[in-house]
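Engineer:
Residue numbers (my numbering): 23 to 228.
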């Protein structure tokens, strides 16, 4: 596939992915992400192995960022960007679709900068995901690039809030809480998005 493949998506396709991306982002905001790890043991020290149990490991994040990046990998830059513009517009219009509600007062929330970063992150992820063939590494790196943008904009916004005392918290403490603490779970989410997007693009033939 080439960089022109994104143009093969029709206007209807892009609109549908934008709607799907909006709905996934809203739903993902409120669903904690967990990783299921199977525990496989040999039977009395012999082969074959048997499934002993499934351990659920909480990632300490929600599926929100995963939804943002997935729609970029699946719908391209235009659909992904539109979905996140719609998400922020609805949230700032007092629809309670952010983690702690909605409305213009959310501009003073320490996490709003990360939400603001969803728009350029969705665009970048969507652009990179269609620049080369839909390989697992391409989709994963596209998602990682989107995550970097989210954190970059989030950190700049958060630093401004701390500087003007809107967030009554030391800068390093705020960075640790809102950026470093969720980062490991988000990196795992990036890998999951790459795998899911690869599978979906295989079965959808693009």
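Glycine included, each C-beta is placed from N, C-alpha and C at the ideal position.
#1: Relative to the C-alpha of residue 132, which residue among 221, 170, 185 and 223 is closest?
#2: So, under 8 angstroms CB-CB, residue 148 and residue 102 are touching, yes? Tell me the CB distance rounded to an integer number of Å.
#3: Does the stretch 92–109 come within contact of the stretch 215–222, defined as at least 3 CB pairs closer than 8 angstroms?
#4: For residue 112, which residues of its own chain have a beta-carbon under 7 angstroms away from its beta-carbon, when the five flanking residues on both sides are left out?
#5: Look up residue 113 in the DSSP assignment and say whether it is helix, strand or coil.
#6: With DSSP collapsed to three states, give me the class of residue 58.
#7: Just curious, the alpha helix (DSSP H) that residue 159 is in, first and last residue?
#8: I believe residue 207 touches residue 82 by the beta-carbon criterion, under 8 angstroms. Please report the beta-carbon distance rounded to the nearest angstrom.
#9: Would you decide whether residue 165 is buried or exposed? Buried here means 16 or more other CB atoms lie within 10 Å of its CB.
#10: Quick check on residue 85: buried or exposed, where buried means 16 or more other Cβ atoms within 10 Å of its Cβ?
#11: Output the distance between the C-alpha atoms of residue 55 and residue 151, rounded to the nearest integer angstrom.
#12: Compute the Euclidean distance between the alpha carbons of residue 34 and residue 226, then round it to the nearest angstrom.
#13: May I ask you to report which of helix, strand or coil DSSP gives residue 32?
#14: Using the beta-carbon count (16 or more within 10 Å), is residue 59 buried or exposed?
#15: For residue 84, which beta-bridge partners are listed by DSSP?
#16: List the endpoints of the continuous alpha helix (DSSP H) containing residue 136.
Structural biologist: In brief:
#1: Stepping through the chain shown from its first residue, residue 132 is reached at position 110. Answer by Cα proximity: 185.
#2: Translated into positions along the chain shown, residue 148 becomes position 126. Translated into positions along the chain shown, residue 102 becomes position 80. Indeed they touch by this definition, with Cβ atoms about 4 angstroms apart.
#3: yes
#4: Your numbering for residue 112 matches position 90 in the chain shown. Counting only Cβ-Cβ distances below 7 angstroms, and skipping sequence neighbours, we find 119.
#5: Indexing the chain shown from 1 puts residue 113 at position 91. Three-state result, residue 113: helix.
#6: Taking the chain shown and counting its residues from 1, one reaches residue 58 at position 36. Strand, per DSSP.
#7: Indexing the chain shown from 1 puts residue 159 at position 137. Segment 158–185, the alpha helix (DSSP H) holding residue 159.
#8: Position 185 of the chain shown holds residue 207. Position 60 of the chain shown holds residue 82. The Cβ separation is near 5 angstroms, so the contact holds.
#9: On the chain shown, residue 165 is found 143 positions in, with the first residue counted as 1. It is buried - the Cβ of residue 165 has at least 16 other Cβ atoms within 10 Å.
#10: The residue labelled residue 85 in the question sits at position 63 within the chain shown. Classification for residue 85: buried.
#11: For this step, residue 55 is matched to residue 33 along the chain shown. For this step, residue 151 is matched to residue 129 along the chain shown. Looking at the two C-alpha atoms, the distance is approximately 23 angstroms.
#12: Translated into positions along the chain shown, residue 34 becomes position 12. Translated into positions along the chain shown, residue 226 becomes position 204. Approximately 15 angstroms, taken between the alpha carbons.
#13: Your numbering for residue 32 matches position 10 in the chain shown. Correct three-state label for residue 32: coil.
#14: Here residue 59 corresponds to residue number 37 of the chain shown, with the count starting at 1. Exposed, by the Cβ-count rule.
#15: One-based indexing of the chain shown puts residue 84 at position 62. DSSP output for residue 84 lists 54 as bridge partner(s).
#16: Within the chain shown, numbered from 1, the residue matching residue 136 stands at position 114. Note, residue 136: alpha helix (DSSP H), 134–138.
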